[in-house]
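Asker: Next up is a structure, given as structure tokens.
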Amino acid sequence: MSAENHSFKNILIIIALLSLNIVEQAASVITATIPGMAKTFTNVSLVNIELITTVVSIFVTVFVLISGVIVKKIGQKQTAVLGLAIAAISSIIPAFSNSFTLIMVSRAVLGIGIGLANPLAISLIGVFFYGDQLLPALGLPL
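In the working numbering, the protein residues as written are 3 to 144.
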């Protein structure tokens with residue numbers, strides 16, 4: 003593999019690994035929609051609507067702990083891909099639903115996906131980069 007191809011591959015790997023962290027930010031995106039949801043779901047209390055932002059964190063916390071067990075069974079890369087897939091699917095569901103319950107469940111499932119993928123964001127850097135490449139990949143000086 004030429005040095006140019008190797009460098010391009012490293013850039014793609016870094017982008018993929020950074021996507022694990024970007025997914026975590028998806029949890030807070032819904033905060034801006036709370037007033038609109040309160041107008042749409044008039045039969046749901048504001049406390050329950052605001053819980054939509056918290057339920058993600060609850061499930062992230064639980065599944066960050068469970069992530070290690072799953073990594074031992076299926077491996078780091080597969081766990082990261084599984085977490086990203088779960089997060090992607092659960093993020094799309096609210097766009098097609100008028101059910102507050104389904105939106106709440108999809109947010110919990112989003113927390114599961116983030117909880118599985120996020121702990122691996124840093125550790126996977128060590129899988130793909132080593133030696134002189136490791137510190138720059140972690141954003142540290144040589």
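Where is the CB? At the ideal position from N, CA and C, for every residue including glycine.
Please read all numbers here as calculations on a predicted model, not as lab measurements.
Spell out a yes or no on whether the region 86 to 93 and the region 46 to 58 are touching, meaning 3 or more CB-CB pairs, one atom from each, closer than 8 Å.
Answerer: no
Asker: Taking 8 Å as the cut-off, does the region 18 to 35 touch the region 80 to 90 (at least 3 CB pairs, one atom from each stretch)?
Answerer: Touching, per the Cβ criterion.
Asker: Where residue 99 and residue 143 are concerned, what is the direct C-alpha to C-alpha distance, given to the nearest angstrom?
Answerer: 47 Å
Asker: Given a cut-off of 8 Å on the beta-carbon distance, is the pair residue 62 and residue 113 in contact?
Answerer: yes
Asker: Report yes if the C-beta of residue 33 is less than 7 Å from at least one heavy atom of the ligand HEM; otherwise report no.
Answerer: Among the components of this structure there are no ligands whatsoever, and the ligand HEM is therefore not found.
Asker: Consult DSSP for residue 108 and reduce its assignment to one of helix, strand or coil.
Answerer: DSSP places residue 108 in helix when its eight states are reduced to three.
Asker: Can you tell me where the alpha helix (DSSP H) holding residue 138 begins and where it ends?
Answerer: 136 to 139
Asker: Does the Cβ of residue 115 have 16 or more other Cβ atoms within 10 Å, making it buried, or fewer, making it exposed?
Answerer: Buried is the call here.
Asker: Please report the straight-line C-alpha distance between residue 1 and residue 32, rounded to a whole angstrom.
Answerer: This structure leaves residue 1 out entirely; the chain is present only between 3 and 144.
Asker: Please work out which residues of its chain come closer than 6 Å, Cβ to Cβ, to residue 77, disregarding the five sequence neighbours upstream and downstream, and give them in chain order.
Answerer: none
Asker: State the Cα-Cα distance for the pair residue 111 and residue 120, rounded to the nearest angstrom.
Answerer: In a straight line, the C-alpha of residue 111 is about 14 Å away from that of residue 120.
Asker: Relative to the C-alpha of residue 22, which candidate in 118, 132 and 141 has its C-alpha closest?
Answerer: 118
Asker: Can you tell me the Cβ-Cβ gap for residue 140 and residue 127, rounded? I've got them flagged as a contact below 8 Å.
Answerer: 6 Å
Asker: Do residue 51 and residue 40 have their C-beta atoms within less than 8 Å of each other?
Answerer: Result yes, Cβ atoms of residue 51 and residue 40 sit closer than 8 Å.
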